[in-house]
Amino acid sequence: MMNAAFPGKRSRIALTRCSLGTALCATIAAWSALASAQTTAKEGIPELASATFAWRANRAEWSDPPAGMRGPIKNDPDHPYHGNLDGPGQVTVRMGNWKDPVLKPWAAAQMRASNEEVLSGKRQVPFTAQARCYPGGVPGQLLYPAEPFYFIQTPKQVWMIWQRDHLVRRIYLTDKHSETVKPSWFGESIGRYESGGTLVVDTIGLSAKNSYIDNFRTPHTERLHVVERFKLAGDGRTLEAFVKVDDPDTFNEPLYMAQRWRKVPNPLLETVCAENNDDHFDQGLFPIPQADKPDF
Amino acid sequence: MEDHRVCGRAGVAMTALLTASIVSWPAWGEEPDLAGIYWAATYSAKIEIVGGGELPFTEAGKAAYEKNIAGLRDESLSDNARKFCVPDGLPRAWATPYPFEIVQGPSGNVTILHELNHQVRVVRLNKEMPAYRDLLSFPAYNGHSVGHYAGDILVVETAGFNGKTFADATGAPQSDAMRTVERIRKISPTQLEVVITVTDPEYYAKEWQARFVYNLRNDLRIEDYLCGEEHRDISSVAGVRRP
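As given, the protein sequences belong to chains A and B, one line each in that order. Position one of the first sequence corresponds to residue 361 (my numbering), numbered consecutively onward. Position one of the second sequence corresponds to residue 12 (my numbering), numbered consecutively onward.
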């Protein structure tokens, strides 16, 4: 599928692999690939990248998948969430439902402890990755609202750039993960375009420390495997991601969830998270990342 | 015999393909291919200016530099690019011992993405510099950049800096009136050169230039970088000293 979308790649591979005796068939194959690809390239590759528009989410929580599928972790029903946009009333913070039976005991215990930190008053505001200048990980980064994110698309790679703190994810358009992947915040993402204009991103190698799959502080292990399917909705002004989260050391079954963004006219600006990000009101905020001694 | 004929036809077809490729190369004056991952082989904490010698400080510049040096020494002043990993600003972002990448996209932009502090610079091609009031209203560590291609060179003009940066790791001062022009080009198939001209009349009596050369390293991938964590081994970059 990928080679059909990117004819140059196929023709080069075809030519280098053929001996001179088979060069003719290779050349013909290359030309026919080129001809067919020009008709399919546009259909198969959604136009996500632009110098002038970007994608902005309104929700910092996962939406439900289609009925019948195991959905995301929700708020603890004993401590209902009341956000800034939820009308009059005291705003509360997000308390994850640690009693959800999908959670392995260690994950439930960790989420409960995080909630206890808030209930006991130790932290008025629990850890929130991007509010405290940490990467949101995969798929958590997709939940950053209010400021848009950008794509760059080239035949071999896709970049996702969040305006907020200029965080960058890189997706390599190849069909195999590396043999060894050093765990990191955004892991190793490989991707492909599927017919119908879907960008499918497969990610492994995600480090687990301070990394959560949502804003309920649902943890994961380094066995986390995420598959995201990005697709433009009918009018081309909405981007949707359908996400599968699989981590057999954290969840008893895979979770499925969705996020949506609206297309916004907004060139990329510099937004620096660490700027004026102190704990001015003694809320016990999680400290922002800093280097105790300079890196070099 | 049959093989020869096939080879002959293959030769004709190959020639046609190559000719087609040559014809489809960008004509002179179109954008050069600057895309790739680059990594410096050397690092200097103190900026080395073209032509040698010291930075041409004004009186105010000299005083500010001495104040910065003293402040960094007694820690009354913090180097926020290293301590909190805010963007380095220019030209310091170029004095990076970490790899960076240049992407000629999305269409209409060139994007420069640094591993260090995951800085992203957007260069808007063939656009006017934003109006003075907008630059004043939205100052940025790495400023606001517009660019164009001049032959094989990407010329980038930047203004609208926030004055919170140092020109180098020793604390050379910078004001928000600074403007820079970068000339970015390939000097060989595997080497990138950046020459930056810095104009900052508040602190410098005349414009000055710095030159940086990087090796093309498309064998690397840019890694995640978070302040205070362990990062890539940069011991191969001459001049780097880890405290």
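Glycine included, C-beta positions come from ideal geometry on N, C-alpha and C. Note that the structure is a prediction, hence the values are computed from the model and not measured.
Pick helix, strand or coil for residue i, following the three-state DSSP scheme.
i, result
"M471(A)", "helix"
"V453(A)", "coil"
"V34(B)", "Low local confidence applies: a pLDDT of 41 at V34(B) is under 50, so the model's placement there is unreliable, and no value is given."
"Y109(B)", "coil"
"L503(A)", "helix"
"V478(A)", "helix"
"D606(A)", "strand"
"G404(A)", "helix"
"L127(B)", "helix"
"Q490(A)", "helix"
"W422(A)", "coil"
"R135(B)", "strand"
"R252(B)", "coil"
"W458(A)", "coil"
"Y616(A)", "strand"
"L146(B)", "helix"
"R222(B)", "strand"
"P67(B)", "coil"
"P184(B)", "strand"
Grab the span of the alpha helix (DSSP H) containing residue i for me, first residue to last.
i, result
"A74(B)", "E70 to D85"
"R430(A)", "First-last for R430(A): undefined, no H or E at that position."
"R524(A)", "That residue, R524(A), is in no alpha helix (DSSP H); it is neither H nor E in DSSP."
"R93(B)", "N91 to K94"
"Y152(B)", "Element bounds for Y152(B): n/a, residue is neither H nor E."
In the DSSP assignment, find the unbroken beta strand (DSSP E) run with residue i in it and report its ends.
i, result
"R529(A)", "L527 to Y532"
"K591(A)", "H585 to L592"
"N229(B)", "Element bounds for N229(B): n/a, residue is neither H nor E."
"Y510(A)", "F509 to Q513"
"Y49(B)", "G47 to A51"
"R577(A)", "No beta strand (DSSP E) contains R577(A), which DSSP labels as neither H nor E."
"R416(A)", "F413 to R416"
Could you name the residues that DSSP lists as bridge partners for residue i?
i, result
"L566(A)", "S544(A)"
"T598(A)", "R622(A)"
"E193(B)", "V167(B) and I207(B)"
"Q484(A)", "According to DSSP, Q484(A) bridges with nothing at all."
"A161(B)", "I164(B)"
"G551(A)", "V561(A)"
"I60(B)", "A221(B)"
"S199(B)", "Q202(B)"
"T122(B)", "V114(B) and V133(B)"
"L237(B)", "Answer by DSSP bridge pairing: none, since L237(B) is not bridged."
Would you report the Cα separation of residue i and residue j, rounded to the nearest angstrom?
i, j, result
"Q619(A)", "A409(A)", "18 angstroms"
"N120(B)", "D211(B)", "26 angstroms"
"R485(A)", "D446(A)", "Position check: residue 485(A) holds Val in this sequence, whereas Arg was assumed. If I take the Cα positions, the gap works out to 18 angstroms."
"L502(A)", "G496(A)", "8 angstroms"
"G596(A)", "W415(A)", "11 angstroms"
"F546(A)", "E65(B)", "42 angstroms"
"N570(A)", "T540(A)", "22 angstroms"
"F413(A)", "P437(A)", "38 angstroms"
"E554(A)", "P67(B)", "57 angstroms"
"D606(A)", "W466(A)", "16 angstroms"
"V205(B)", "I48(B)", "14 angstroms"
"I33(B)", "I405(A)", "Reliability of the predicted coordinates at I33(B) is poor, the pLDDT of 42 falling under 50, and no value is obtained from them."
"A51(B)", "R132(B)", "18 angstroms"
"P543(A)", "K464(A)", "22 angstroms"
"V167(B)", "N444(A)", "42 angstroms"
"A71(B)", "V251(B)", "30 angstroms"
"A568(A)", "T578(A)", "11 angstroms"
"L584(A)", "D609(A)", "8 angstroms"
"N226(B)", "T452(A)", "52 angstroms"
"Q202(B)", "Y109(B)", "16 angstroms"
"D573(A)", "T598(A)", "As written in the sequence, residue 573(A) is Ile, which differs from the Asp given in the question. One C-alpha to the other measures close to 22 angstroms."
"Q115(B)", "G62(B)", "31 angstroms"
"G565(A)", "H580(A)", "12 angstroms"
"D638(A)", "L645(A)", "8 angstroms"
"R622(A)", "D535(A)", "29 angstroms"
"Q513(A)", "V560(A)", "13 angstroms"
"T176(B)", "P98(B)", "8 angstroms"
"K57(B)", "D179(B)", "6 angstroms"
Return yes when the C-beta of residue i is under 7 angstroms from any heavy atom of the ligand HEM, and no when it is not.
i, result
"F177(B)", "Only the bare structure without any ligand can be found here, which leaves the ligand HEM out of the picture."
Task: Stretch pair the segment 516-528 of chain A + the segment 459-478 of chain A: three plus CB contacts closer than 8 angstroms - done: no
Open item on the list: Is it the case that the segment 216-226 of chain B contacts the segment 101-116 of chain B, given that we only count it when at least three CB pairs across the two stretches are under 8 angstroms?
Closed with: yes
- [ ] Count the CB pairs spanning the segment 613-628 of chain A and the segment 416-428 of chain A that are closer than 8 angstroms, and state whether there are at least three.
- [x] yes
Task: Cβ pair count under 8 angstroms reaching 3, the segment 624-643 of chain A against the segment 505-518 of chain A - done: yes
Open item on the list: With three or more beta-carbon pairs closer than 8 angstroms as the criterion, would you say the segment 189-198 of chain B touches the segment 156-175 of chain B?
Closed with: yes
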